[in-house]
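Participant: Dumping the structure here so I can ask a few things about it.
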Amino acid sequence: MGVGHWMQGICVIGFALLLCAANAGGQEQPRLNLMPMPANVQSGSGSLRIDSSFSVALTGHTEPRLDRAVQRFARQLSRQTALPLSANSSAKPTLTVQTDRASKDVQELGEDESYTLSVAADGAKIEAPTPLGAMHGLQTFLQLVAVSPDGFAAPVVTIQDKPRFPWRGLMIDVSRHFIPLDVLKRNLDGLEAVKMNVFHWHLSENQGFRVESKKFPKLHTLGSDGLYYTQDEIRDLIAYARDRGIRVVPEFDMPGHSTAWFVGHPELASGPGPYQIERRWGIFDPAMDPTNEKTYKFLDELVAEMTKLFPDHYFHIGGDEVNGKEWDANPKIQEFKKSHNLTSNDALQAYFSGRIQKIVTKHGKAVVGWDEVFIPGVPKDIVIQSWRGQASLAQAAAQGYHGILSNGYYLDLGWSAARHYAVDPMSGPGANLTPEQQQLILGGESCMWAEYVNPENIDSRIWPRNAAIAERLWSPQNVTDVASMYARLHTIGGELEWLGLTHRTYYPQMLRRIAGSGATPDELAGLRTLADVVEPVKDYTREATAPAEPSSATPLNRLVDAVPLESDVARRFGERVDKYLASSCRDADAAAQLRAQLSIWRDNDAKLQPLTQRSFLVKEIAATSQDLSTIAGIGLAALDFATKGSAATDEWKAQQLAVIEQANKPKSQLLLMPAPPIQKLVEAVGAGGSCGSAK
Ligand code: ACM
81 MGVGHWMQGI
91 CVIGFALLLC
101 AANAGGQEQP
111 RLNLMPMPAN
121 VQSGSGSLRI
131 DSSFSVALTG
141 HTEPRLDRAV
151 QRFARQLSRQ
161 TALPLSANSS
171 AKPTLTVQTD
181 RASKDVQELG
191 EDESYTLSVA
201 ADGAKIEAPT
211 PLGAMHGLQT
221 FLQLVAVSPD
231 GFAAPVVTIQ
241 DKPRFPWRGL
251 MIDVSRHFIP
261 LDVLKRNLDG
271 LEAVKMNVFH
281 WHLSENQGFR
291 VESKKFPKLH
301 TLGSDGLYYT
311 QDEIRDLIAY
321 ARDRGIRVVP
331 EFDMPGHSTA
341 WFVGHPELAS
351 GPGPYQIERR
361 WGIFDPAMDP
371 TNEKTYKFLD
381 ELVAEMTKLF
391 PDHYFHIGGD
401 EVNGKEWDAN
411 PKIQEFKKSH
421 NLTSNDALQA
431 YFSGRIQKIV
441 TKHGKAVVGW
451 DEVFIPGVPK
461 DIVIQSWRGQ
471 ASLAQAAAQG
481 YHGILSNGYY
491 LDLGWSAARH
501 YAVDPMSGPG
511 ANLTPEQQQL
521 ILGGESCMWA
531 EYVNPENIDS
541 RIWPRNAAIA
551 ERLWSPQNVT
561 DVASMYARLH
571 TIGGELEWLG
581 LTHRTYYPQM
591 LRRIAGSGAT
601 PDELAGLRTL
611 ADVVEPVKDY
621 TREATAPAEP
631 SSATPLNRLV
641 DAVPLESDVA
651 RRFGERVDKY
661 LASSCRDADA
671 AAQLRAQLSI
681 WRDNDAKLQP
691 LTQRSFLVKE
701 IAATSQDLST
711 IAGIGLAALD
721 FATKGSAATD
731 EWKAQQLAVI
741 EQANKPKSQL
751 LLMPAPPIQK
761 LVEAVGAGGS
771 CGSAK
């Protein structure tokens, strides 16, 4: 013990000196690498040393879930530090977790998730009303532990924390590509780490019905290619989620997006059939027959079965994107519309939604639906999930409906973390609501649609960007600093790997497949350099630019499937160009760094060339590789002008900008991200540009 205390004393003194130095320079205290940022943080001085004597004690309310949370915490801490931690109880625990009372047996929306965490040099304490807060506190503590010059340590700090919104979710589509249970579990671990508390499980689609139904087994046996979850597996996942403070909301998408149901049950459909599992992506005609009483009898029995399986109070009925073509083509449905005075297909869908809602309510649950179900007259206990725009969220709230925001949080669209981060449920039309109306906005959900993801690359499409959305939904509204977000996102991105998430490790593996196992280290490095600066095309342009119609049979093995959706290298290059231009091209360090980077890019195509001959997956990106070399050469020439202080001629500038414009066009569904910042450099060195005149 003597040695431990002695070391700790040194550590505190060392830290205090550091703080003095920082204060003398007028800088802020060392920032905490926490994500989401807690509601209230008061930093102290000194730190708590974390070594293999570390121990945790639970006080107050206890339950097996808390024991498991502590075991998980210890395992995680041990992974992060490689300290051998034993589960031995200790007379003087390093960390005490005081929990006041149990939370609800089935986790409910709006339960108390608050906690306080105080770290002192001689011990730490988490205090929480319920296990939900206690578990959040443990995650925050894990994020505080960092390597320091003299061992692992957590800084002295007092944190009071609670979420801004009670509904903070991630939706995963497991139908377009089946996502196995173990992949879902590691993503739930990720949700726990960033304090998200809802897993919205999009379980049925045109491309697959993924739940075992004992009542109607043809749903999963004929509608899933054998890729479905058994009811035991579903119970297992729900228990896994509950252990992590996460609710599981199932979605059965109706009356559209339902072709897979009709393979075994064509009698539910509005068309004559027969039906097959859909293999393509998009919006399709098949829809349930809302005029047939047998449809409702079937759905009543299915909902009875599924509401027993899924304990959450909320049950998602989908409702999105019904094109109405099967309804228009069916004379019996046309007749029904007339006789029931339903003047449009929207009205017919409202009729269907109303009937389903009664069924769901009868089985003790409340309905969630995509914003298409928000039709005048729908009952008030529905939750609207706004995906087509933020306006429907505000409109729903203005009329007394609860809502959650997903527009702006679609992870599959390939937006930057900064762009997602800027989307706030209370901004835009939501800002004009009264405080009472704003209370109806419950939070939001990020959405991982699965046209272009599979078990291999899905983690990289969710993480780390999802952590920025998690922060938006947890942290105070004024936590908006993008530079801080990116710095912390980088840290949490690394920490998430300790959970077994593969969002970083998949990448070199996929690049090796693209290059072929015979690729030399130099060739692989060349591929990596190019891959690090391209991004997949954004929004829905992937379909529009596909070389052949994509489907579930299309292998996800191209560079567009392998590269992260946001290029860190290109973002940092862009920031450096901005810094350089802001200095009117006087910042010599920035110039040297830009020159070094541009030289690597200029010379990269030569490294990659041999691979373009050997691998069709590299051949596809040969033009992009040439573009990178070309525009890097242009960037270097622009830097030469800037360094010499001479303006480029208009003719030179026009020629280079034309070349960059070509390179800026998507090729093989990839965007070359350094093109816009290099364009800025070229523009700046011409006559009249910020760096174009002699200094
Ligand atoms: C949706 O994106 N169709 C909800």
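Position in the sequence shown counted from 1, then plus 80, gives you my numbering.
In this text, a Cβ means the ideal position worked out from N, Cα and C, and glycines have one as well.
Have a look at Arg155, Asp392, Ile206, Tyr587 and flag the residue whose alpha-carbon is nearest the alpha-carbon of Val187.
Facilitator: The question names Val, but residue 187 is Gln in the sequence shown. It is Asp392.
Participant: For the region 247-267 against the region 202-213, are there 3 or more C-beta pairs whose distance is under 8 Å?
Facilitator: No, because fewer than three Cβ pairs between the region 247-267 and the region 202-213 fall closer than 8 Å, the two stretches do not touch.
Participant: Which residues bound the alpha helix (DSSP H) around Pro211?
Facilitator: Taken as a continuous stretch (DSSP letters only), the alpha helix (DSSP H) holding Pro211 covers 211-224.
Participant: Thinking just about the alpha-carbon of each residue, which of Thr423, Ile363, Trp495, Arg638 is nearest to the one in Lys618?
Facilitator: Closest option to Lys618, Cα to Cα, is Trp495.
Participant: Take Ser132 and list the residues in its own chain whose beta-carbon comes closer than 7 Å to its own, dropping the five residues that flank it on each side.
Facilitator: Here the set comprises Leu163, Pro164, Leu165.
Participant: Taking only three categories from DSSP, how would you classify Met334?
Facilitator: Strand.
Participant: So what does Pro644 bridge to, in DSSP terms?
Facilitator: The partner list for Pro644 (beta bridge, DSSP) is empty, contrary to what the question assumes.
Participant: For the ligand ACM, which residues have a Cβ under 6 Å from at least one heavy atom, in chain order?
Facilitator: Result: Asp400, Glu401, Trp450, Trp467.
Participant: Going by the CB atoms, is the gap between Val613 and Val640 shorter than 8 Å?
Facilitator: Result no, Cβ atoms of Val640 and Val613 do not sit closer than 8 Å.
Participant: Where does Val329 land, buried or exposed, given buried means 16+ other C-beta within 10 angstroms?
Facilitator: Looking at its Cβ environment, which holds 16 or more other Cβ atoms inside 10 Å, Val329 is buried.
Participant: Suppose only complete runs of 3+ residues qualify. What are the beta strand (DSSP E) ranges in the region 108-142, listed by chain order?
Facilitator: For the region 108-142, whole beta strand (DSSP E) runs of length 3 or above, ordered along the chain, are 120-130, 136-140.
Participant: Ala547 and Met115: beta carbons closer than 8 Å?
Facilitator: Closer than 8 Å, so yes.
Participant: Indicate the three-state DSSP secondary structure (helix, strand or coil) for Met590 in the structure shown.
Facilitator: Reduced to three states, the DSSP call for Met590 is helix.
Participant: I need the straight-line Cα distance from Val237 to Arg622, nearest angstrom please.
Facilitator: Computed Cα separation, rounded: 46 Å.
Participant: Count the other CB atoms, across all protein chains shown, that sit within 10 Å of the CB of Asp333; report buried if there are 16 or more and exposed otherwise.
Facilitator: Asp333 comes out buried.
Participant: Ignore the nearest five residues each way along the sequence and tell me which others in Ala671's own chain have a CB closer than 8 Å to its CB.
Facilitator: For Ala671, where only same-chain residues beyond five positions count, the Cβ hits under 8 Å are Tyr660, Cys665, Leu719, Ala722, Thr723.
Participant: Please list, in chain order, all residues of the same chain as Val440 whose beta carbon is under 8 Å from its beta carbon, the five residues on each side excluded.
Facilitator: Here the set comprises Val383, Thr387, Phe395, Ile397, Ala446, Val447.
Participant: Identify every residue that forms a DSSP beta bridge with Asp241.
Facilitator: In the DSSP output, where bridge partners are listed per residue, Asp241 has Tyr195.
Participant: Which residue's Cα is closest to the Cα of Ala642: Ala662, Phe653, Leu610, Ser632?
Facilitator: Nearest of Ala662, Phe653, Leu610, Ser632 to Ala642, Cα basis: Leu610.
Participant: Runs of 3 residues minimum, wholly inside the region 572-627: which ones carry the beta strand (DSSP E) assignment?
Facilitator: Entirely contained in the region 572-627, the beta strand (DSSP E) runs reaching 3 residues are, in chain order, 614-616.
Participant: I need the straight-line Cα distance from Gly457 to Lys418, nearest angstrom please.
Facilitator: Cα-Cα distance, rounded: 20 Å.
Participant: For Gly772, collect the residues of the same chain with a Cβ closer than 6 Å to its Cβ; drop the 5 residues on either side in sequence, then sort them by chain order.
Facilitator: Correct list, in chain order: Ala727, Val765, Gly766.
Participant: Return helix, strand or coil for Trp281, following the three-state DSSP convention.
Facilitator: Strand at Trp281.
Participant: For Pro459, count neighbouring Cβ atoms within 10 angstroms of its own Cβ and tell me buried if that reaches 16, exposed if not.
Facilitator: Exposed.
Participant: Which residues mark the beginning and the end of the alpha helix (DSSP H) in which Thr723 is found?
Facilitator: Unbroken alpha helix (DSSP H) run through Thr723: 702-724.
Participant: Which of the three DSSP states is assigned to Thr514 in this structure?
Facilitator: It is coil, neither helix nor strand.
Participant: With three or more C-beta pairs closer than 8 Å as the rule, is the region 479-495 touching the region 579-589?
Facilitator: No: fewer than three Cβ pairs fall under 8 Å.
Participant: Taking 7 Å as the limit between beta carbons, can you name the residues of its chain near Ser293, skipping five residues before and five after?
Facilitator: Taken in chain order, the residues that qualify are Leu299, His300, Leu382, Glu385.
Participant: Please report how far the alpha carbon of Gly715 lies from the alpha carbon of Leu761, in whole angstroms.
Facilitator: Cα to Cα, the separation comes out at about 7 Å.
Participant: Taking the continuous beta strand (DSSP E) assigned at Asp253, which residues delimit it?
Facilitator: Start and end: 247-253.
Participant: Taking Glu452 and Gly510 to be in contact with their CB atoms under 8 Å, please state how far apart those CB atoms are, rounded to whole angstroms.
Facilitator: Not quite, the Cβ-Cβ distance comes to about 20 Å (not below 8 Å), so this is no contact.
Participant: In this structure, does DSSP put Ser304 in helix, strand or coil?
Facilitator: Here Ser304 sits in coil by DSSP.
Participant: Alpha carbon to alpha carbon, what distance is there between Gly344 and Ser467?
Facilitator: The amino acid occupying residue 467 in the given sequence is Trp; Ser does not appear at that position. The straight-line gap from Cα to Cα measures roughly 30 Å.
Participant: Name the DSSP beta bridge partners of His396, please?
Facilitator: BP columns for His396 point to Glu331, Val448.
Participant: Using beta-carbon positions only, say whether Ile594 and Ser472 come within less than 8 Å of one another.
Facilitator: Cβ atoms of Ile594 and Ser472: not closer than 8 Å.
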